[in-house]
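Chains as they are written, first to last, in our numbering: chain A, 3 to 437; chain B, 3 to 437.
Note that CB positions come from ideal geometry on N, CA and C, so glycine has one too.
Fair warning: this is a prediction, and the values are worked out from it, not measured in the lab.
2 protein chains.
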Amino acid sequence: MSIQIPQLPKGTRDFYPEAERIQNYIFDTWRKVAESFAYEEYEGPMFEHLELYTGKSGDEIVSQLYNFVDKGDRAIALRPEMTPTLARLVIQKARELKKPFKWFSMPRLFRYEKAQKGRLREFFQLNMDIIGTESIYAEADLMAAIATMLRKFGLKDGEFAIGVSSRKLLATYLEEIGAPNPALVYPVLDRRLKIGPEAFAKALTDAGLSDEQIQKLDAFMSCKSIEEVKAAVKSENASAALDEIVELFATLQSAGFGECVNLDLSIVRGLAYYTGIVFEVFDKGKSMRAIAGGGRYDSLTEKLGGDRIPGVGFGMGDVVLADLLREHNLLPSPKQSVDFYIASFTNDMKKVFETAQMFRASSSTAENGTNFTVSHPLAPMKMGKQLDQANYQGAKIVVYVDGDKAQAGEFEFKDLRDGTMHVGNADAIVKQLNS
Amino acid sequence: MSIQIPQLPKGTRDFYPEAERIQNYIFDTWRKVAESFAYEEYEGPMFEHLELYTGKSGDEIVSQLYNFVDKGDRAIALRPEMTPTLARLVIQKARELKKPFKWFSMPRLFRYEKAQKGRLREFFQLNMDIIGTESIYAEADLMAAIATMLRKFGLKDGEFAIGVSSRKLLATYLEEIGAPNPALVYPVLDRRLKIGPEAFAKALTDAGLSDEQIQKLDAFMSCKSIEEVKAAVKSENASAALDEIVELFATLQSAGFGECVNLDLSIVRGLAYYTGIVFEVFDKGKSMRAIAGGGRYDSLTEKLGGDRIPGVGFGMGDVVLADLLREHNLLPSPKQSVDFYIASFTNDMKKVFETAQMFRASSSTAENGTNFTVSHPLAPMKMGKQLDQANYQGAKIVVYVDGDKAQAGEFEFKDLRDGTMHVGNADAIVKQLNS
């Protein structure tokens, strides 16, 4: 009778309660900050028709899909990113939706790729997007939200940086130096720092660039200041793209985020649909994968068959973020805690259930939104075992339903945080909890 | 250029912000009540190895899987229910986990079946389970949580009922009347009220029962009181099963849930793994599908190759619940609302961003957990359009960053709820919000 129990699928995770508490801390913080910026939450199905991804995103993503044919003969894929779903939602209600609007989602995503540090086959990703405006203040809003979020997680300015680049600027520069096929060039540029200078030069040669063009491009991508870029580019389009970046930085500066952003032309982003500002967020020293990344995609809805509706957004994955927070010791305790443990010397289970329900009901009518957590034994057992359970569950106060020192309407109770014994009514017990 | 944009996959849903607000209301209420009963949240992967489902659950479920072979040649299935994942988690850490424990999860589930009212191919389901005790007080705890939850949603006692039956009792009765193969009988009994008396009798004949046995069984399943059942069954096992139900009802009665539960031997549940109490929750008059259903499964981990660890739990889907709440007019407003809209007569975007950030920061340091929602224009526009936007977003207060009646450190502001104009500092504005 030794049946082999099936294992957890490779590249996915089990979230036992201790792990799930950390996930919920991340999700709560994402949601709270997104809502404080007045982004509205949305969701979509976990899978889409395969066509929504094929040809629309970069090839890198398409080759990494979990795709299959369903029992109704439809070609289906588990969603590898949220933006195509977002674009579908926007196209479907293009006329009803009052633009601009700010939306966020925390989708679960799936990519069939080699599982490794910071990369899993199943992960969560905060997505925030602004649809319906070409204004650079949309980018400013997104970056202010990112910085606010990372600060809320406890990171200090200087421990992270939002690196900003511009596809528009890159496109202009590629045109200026006479590069033949920009669409072939972007994926190479995106891998520049990963593949090393030689492989980079070879890949660009394959994309049709001359040695001189490659040298210029490499120098351009190393520019560290607006002034350096200004000296390198000449066209009107380039200076418009630069002006945008200058205004973006000035706006973020005045909102208190000056130390959180910098120019980083080495950022390109792999996906084909970006058309303007692109950005990535890294920990100090870039020791990890990007914490977040995004950019402007003004022609995505058009490519998918809808009207042209401008958009800009980013994704922030849970895996790298949690690794970073763990490294900085910024994750909360994963331990269980309960407010009240209802115990009984005589195993009077009916009295136990009744009292537990009384405490739960009192919290549900409280105005300040308190939500008491109430536990108790689930079977008759000795008081010693009940106290063990209370301690194990992180109970703050043990309430005895049948302590003999208590009068009618009162209870004996023990504060496990300091070991003190008390006698009092329900109000006194709640007061002790909050003391 | 008229590319056909891919449609939403059949049987799945898009959640635009208005729909997502309703979802979040349901999820929040589920989570709050589960936590108030000291259940700990867990999660698992969205798909499992196919073997986890084949042969372990009833056949009905297996034929309705979204299953496929992944790029690494693994047979995979999107999860159709959470219990097999839960059993896997429990088996994996059978020794470390301190029993009994109470867990909940709100998984997204997938079943390839005909989409119809109350039934979708992709849905959410609250799961609450107690692992590691055979005590009937575990059932009492789960049912108290269900009743508390439905009351919290605004339903009154009498508008729903938890119908309780017992597989143990049924098994004893089947033995008493000499039914040859109980495993063949349960799926038929589960469909009793759906298929009508003739088809029911025929299916039982096919399962090997005589006319007399069928008549007895039908009468037994119609018993409405403990007394009626007592008169029908004789064995010691039967009376032990009945005593359990009596204690369950008495405990719930003393905790204030007497009107929420009743005996209903017509409930059988389709899944093969139940071993004791089974229950289903219906709206008054059973006009809809079950709101929730569950039962005791003391040998599931054993069947999956682990040690025998008793368990009991239920699932409550989002679709039927939302239909029911909608019918009772109990769903909250789905409209957006924001606390502050920061406006500027001179389109001073830097001042707008700075002020918005000031209000967000003030809420993040507030002790009572307030989380101000702050919006503002994303591009220069006339004041009239800014006010339109503020109204459309449900803003409560518009703050003017450059109103000329305000002194240094003060703002002009308008309360859109009553149309009043004010002048004051940030504290005065927050006070007005809470007035």
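- Item | Residue-level contact to chain B via CB, residue 282/A, 8 Å cutoff | Sequence index remark: in the first sequence, residue 282/A carries index 280 (1-based). So no, residue 282/A is outside the interface.
- Residues that residue 73/A contacts on chain B, provided the C-beta gap is smaller than 7 Å: As a first step, residue 73/A is located in the first sequence; it is residue number 71 there, counting from the start. Simply 114.
- 8 Å Cβ cutoff met for residue 41/B and residue 18/A: Counting from one through the second sequence, the residue named residue 41/B turns up at place 39. Counting from one through the first sequence, the residue named residue 18/A turns up at place 16. No, they are not a contact pair.
- Any idea what DSSP makes of residue 343/B, helix, strand or coil? In the second sequence, counting from the first residue as 1, residue 343/B sits at position 341. Residue 343/B falls in the strand class under three-state DSSP.
- Going along the chain, which residues of its own chain have a beta-carbon closer than 8 Å to the beta-carbon of residue 353/B, five neighbours each way excluded? As a working note, residue 353/B is residue 351 in the second sequence. Contacts found: 346, 403, 404.
- Whole-angstrom C-beta distance between residue 271/A and residue 192/A, which should lie under 8 Å: Here residue 192/A refers to the residue found at position 190 when the first sequence is read from its first residue. Here residue 271/A refers to the residue found at position 269 when the first sequence is read from its first residue. Contact between residue 192/A and residue 271/A holds, with the beta-carbon distance rounding to 6 Å and staying under 8 Å.
- Message: For the segment 25-34 of chain A against the segment 148-168 of chain A, do three or more pairs of beta-carbon atoms, one drawn from each stretch, fall closer than 8 Å, so that the two count as touching?
- Response: In short, these stretches touch, since the Cβ pair count reaches three.
- Query: Taking the continuous beta strand (DSSP E) assigned at residue 282/A, which residues delimit it?
  - Reply: Here residue 282/A corresponds to residue number 280 of the first sequence, with the count starting at 1. Its beta strand (DSSP E) spans residues 279-285.
- Query: Under 8 Å between C-beta atoms, does residue 130/A make it to chain B?
  - Reply: To locate residue 130/A, count along the first sequence from 1; it is residue 128. So no, residue 130/A is outside the interface.
- Can you give the beta carbon distance from residue 85/B to residue 302/B, rounded, assuming they're within the 8 Å contact cut? Locating residue 85/B in the second sequence gives position 83, counting from the first residue. Locating residue 302/B in the second sequence gives position 300, counting from the first residue. With a Cβ gap of about 7 Å, residue 85/B and residue 302/B count as contacting.
- Message: Between residue 246/A and chain B, is the shortest Cβ-Cβ distance under 8 Å, so that the two count as touching?
- Response: The sequence position of residue 246/A within the first sequence is 244, counting from 1. By this cut-off, residue 246/A is not an interface position.
- Query: Can you list, in chain order, the residues of the segment 100-111 of chain A whose Cβ is nearer than 9 Å to any Cβ on chain B?
  - Reply: 100, 102, 103, 104, 105, 107, 110
- Item | residue 348/A (DSSP reduced to helix, strand or coil) | The count along the first sequence starts at 1 and reaches residue 348/A at position 346. Looking at residue 348/A - three-state DSSP - the assignment turns out to be coil, as it is neither helix nor strand.
- Taking DSSP as the reference, what is the three-state secondary structure of residue 298/B? As a first step, residue 298/B must be located in the second sequence, where it is residue number 296. If DSSP states are grouped into helix, strand and coil, residue 298/B belongs with the strands.
- Message: I need the DSSP call for residue 393/A, collapsed to helix, strand or coil.
- Response: The residue you call residue 393/A lines up with position 391 of the first sequence. In the structure shown, residue 393/A sits in a helix (DSSP, three-state: H, G or I).
- Rounded to a whole number of angstroms, what is the C-alpha to C-alpha distance between residue 173/A and residue 225/A? Taking the first residue of the first sequence as position 1, residue 173/A is located at position 171. Taking the first residue of the first sequence as position 1, residue 225/A is located at position 223. Rounded to whole angstroms, residue 173/A to residue 225/A spans 16 Å at the Cα level.
- Task: Determine which residues of the segment 117-144 of chain A have a Cβ less than 7 Å from any Cβ of chain B, and write them out in chain order.
- Result: 124, 132, 135, 137, 139, 140, 142, 143
- Item | Those runs of the alpha helix (DSSP H) which lie wholly inside the segment 221-281 of chain B and span at least 4 residues | 228-234, 238-256
- Look at the alpha carbon of residue 423/B and the alpha carbon of residue 435/B, and state the distance between them as a whole number of angstroms. For this step, residue 423/B is matched to residue 421 along the second sequence. For this step, residue 435/B is matched to residue 433 along the second sequence. Distance between the alpha carbons of residue 423/B and residue 435/B: 13 Å.
- Query: Can you pull the DSSP bridge partners for residue 125/B?
  - Reply: Position 123 of the second sequence, counted from the start, is the residue given in the question as residue 125/B. For residue 125/B, the beta-bridge partners assigned by DSSP are 111/B.
- Under 7 Å by beta carbon: chain B residues contacting residue 385/A: If you number the first sequence from 1, residue 385/A lands on position 383. Going along chain B, no residue has its Cβ under 7 Å from residue 385/A, so there is no contact; the nearest lies around 17 Å.
- Message: Please list the terminal residues of the continuous alpha helix (DSSP H) segment that includes residue 327/B.
- Response: For this step, residue 327/B is matched to residue 325 along the second sequence. Residue 327/B -> alpha helix (DSSP H) spans 320-329.
- Query: When the Cα atoms are used, what is the spatial distance from residue 36/A to residue 106/A?
  - Reply: In the first sequence, residue 36/A corresponds to position 34, counting from 1. In the first sequence, residue 106/A corresponds to position 104, counting from 1. Looking at the two C-alpha atoms, the distance is approximately 7 Å.
- Relative to chain A, which residues along the segment 76-94 of chain B have a C-beta separation below 9 Å, given in chain order? 76, 78, 80, 86, 87, 89, 90, 91, 93, 94
- Enclosing alpha helix (DSSP H) for residue 29/B [first to last residue]: Sequence index remark: in the second sequence, residue 29/B carries index 27 (1-based). Element bounds for residue 29/B: 19-38.
- Task: With a threshold of 16 other CB atoms inside 10 Å of the CB of residue 165/A, please say whether the residue is buried or exposed.
- Result: Against the first sequence, residue 165/A aligns to sequence position 163. Counting Cβ neighbours within 10 Å, residue 165/A comes out buried, since at least 16 surround it.
- Helix, strand or coil for residue 446/A, going by three-state DSSP, please let me know. Nothing can be reported for residue 446/A, as the shown portion of chain A is limited to 3 through 437.
- Task: Could you check the C-alpha separation between residue 337/B and residue 330/B for me, to the nearest Å?
- Result: Your numbering for residue 337/B matches position 335 in the second sequence. Your numbering for residue 330/B matches position 328 in the second sequence. Going from the Cα of residue 337/B to the Cα of residue 330/B covers about 19 Å.
- Task: Could you work out which residue in 305/B, 249/B, 264/B is closest to residue 276/B when comparing CA atoms only?
- Result: The residue you call residue 276/B lines up with position 274 of the second sequence. Measuring from the Cα of residue 276/B, the nearest candidate turns out to be 305/B.
- Message: I want to know whether the segment 81-98 of chain B touches the segment 6-14 of chain A - three or more CB-CB distances under 8 Å.
- Response: yes
- Query: Shorter than 8 Å from the beta carbon of residue 49/A to some beta carbon of chain B?
  - Reply: Against the first sequence, residue 49/A aligns to sequence position 47. Answer yes: the Cβ-Cβ gap between residue 49/A and chain B drops below 8 Å somewhere.
- Query: Does the beta-carbon distance from residue 77/B to residue 68/B come in below 8 Å?
  - Reply: Here the question's residue 77/B lines up with position 75 in the second sequence. Here the question's residue 68/B lines up with position 66 in the second sequence. Not closer than 8 Å, so no.
- What is the residue span of the alpha helix (DSSP H) that residue 148/B lies within? Taking the first residue of the second sequence as position 1, residue 148/B is located at position 146. Residue 148/B -> alpha helix (DSSP H) spans 138-154.
- Item | Runs of beta strand (DSSP E) wholly within the segment 352-437 of chain B (minimum 3 residues, chain order) | 397-402, 413-417, 422-426
- Task: Tell me, to the nearest whole angstrom, how far the beta carbon of residue 294/B is from that of residue 278/B; I am working on the premise that it is less than 8 Å.
- Result: As a position in the second sequence, residue 294/B is number 292, starting the count at 1. As a position in the second sequence, residue 278/B is number 276, starting the count at 1. About 17 Å; that fails the 8 Å criterion.
- Message: What residue range does the beta strand (DSSP E) around residue 163/B cover?
- Response: Here residue 163/B is taken as the residue at index 161 of the second sequence, counted from 1. Note, residue 163/B: beta strand (DSSP E), 162-168.
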